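*Asks:* So that we are looking at the same thing, I have put the structure below in C-alpha cells.
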Amino acid sequence: MLTKSPEEEKIDPRVKRTRVSIQQSFMDLLEKKEFRSITVQDITQKAEINRATFYAHYTDKYALLEASIQQLFRQELEKRTLNTCCISNQNLHALIVTVCEFISRSNVHCKTSDSQFETLVERQVRNQMQDLLEIWLAQVSNGIDMKTAAIAASWTIYGLALQWSREKNHPSAEEYAYQILPLITSNLQLKAEGVFSPVV
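Going by my numbering, the sequence shown opens with residue 1, and the numbers climb by one from there.
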C-alpha cells in the first residue's frame, strides 16, 4: 500500500525501532549472502535479538523480505513526493526513473539469483505502482477503466525497467524514461486529454 494504514500509525515507537533494526540487519546480510542461504538465526544474531522477538514481528524470512521491499520502495516514492502528486508528464517520468533505479540497486546490492526474491520485488513494486497510478487516474476524468489502465501501465513500466537493468550498455535511467514515456502515456489514453506537456 502507498499510505500507512491506521494500524501502522499506531505502532509503538519501540516496536518500530525493532522492525527497522531487523530489516536493516537483513538488508546488510543480503549484500553478502544469497537470500536462500540466510537463516532466521543469521538475522537475529545480526540484529542482536532473540528468535522470539523476530517471530513476534515476522512469520518467517519471506514475510520479512516482503515487508522490507515494500518499505524500501515506499520510501523511494515518498522521497520524490510521488505519493502526494497528481498525474503529469514529469511525475510519470519520475516514476519510471524510480522503478529503474530501484530494480538496478536490487540487482547490484542483493547477492541473490533466487527466483522467489525476484518475484517478491516484482510484486511489491508493481502493486505500489498500481495503487499510485489508480490514485493519479482518479483525478482525471477521461472515461477509462482506471484499474485496468493502472495494471497495464504498472506491468509495462516494470517489464521495461527490468529489461533496461539487464542490458550491459543501457542509457541512463533518466534518458530511458524519456524514451519509453510515450508508450506509457499512450496506454493510459491521456495524451489526447491534454494532461501531459510535450516531452522535451
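Idealized CB from N, CA, C, for every residue including glycine. Bear in mind the structure is a predicted one, so any value in this text is a computation, not a measurement.
1. What residues in its chain sit with their C-beta under 8 Å from that of residue 82, if we drop five residues either side in the sequence?
2. Does the segment 35-47 come within contact of the segment 74-81, defined as at least 3 CB pairs closer than 8 Å?
3. Rounded to a whole number of angstroms, what is the C-alpha to C-alpha distance between residue 201 and residue 127?
4. Would you decide whether residue 61 is buried or exposed? Buried here means 16 or more other CB atoms lie within 10 Å of its CB.
5. To the nearest angstrom, how far is the alpha carbon of residue 172 from that of residue 179?
6. Where does the unbroken alpha helix (DSSP H) through residue 57 begin, and where does it stop?
7. Taking the C-alpha atoms as reference points, what is the distance between residue 46 and residue 58?
8. Suppose the cutoff is 6 Å on Cβ atoms and the five residues either side in sequence are ignored; what does the same chain contact list for residue 19 look like?
9. On the CB-based measure, 16 or more other CB atoms within 10 Å of its CB, does residue 63 come out buried or exposed?
10. The alpha helix (DSSP H) with residue 127 in it runs from where to where?
11. Quick one: measure Cβ to Cβ for residue 29 and residue 42, integer angstroms, because I've assumed they're closer than 8 Å.
12. Please say whether residue 184 and residue 138 have beta carbons closer to each other than 7 Å?
13. Suppose you measure from the CA of residue 67 to the CA of residue 73; what does that come to, to the nearest Å?
14. Look at residue 150 and residue 124 and say whether their C-beta atoms are less than 7 Å apart.
15. Below 7 Å between beta carbons: does that hold for residue 87 and residue 136?
16. From residue 186 to residue 24, what distance separates their C-alpha atoms?
17. Taking 7 Å as the cut-off, decide whether the C-beta atoms of residue 100 and residue 161 are in contact.
18. Take residue 159 as the anchor and find which of 22, 177, 65 has the nearest alpha-carbon.
19. Distance, Cα to Cα, residue 54 vs residue 89?
*Replies:* In short, the structure shows the following:
1. 91, 94, 95, 98, 132
2. no
3. For the chain, the structure presents residues 1 to 200; residue 201 sits outside this window and is missing.
4. buried
5. 11 Å
6. 51-57
7. 16 Å
8. 57
9. exposed
10. 115-138
11. 6 Å
12. no
13. 10 Å
14. no
15. yes
16. 39 Å
17. yes
18. 177
19. 43 Å
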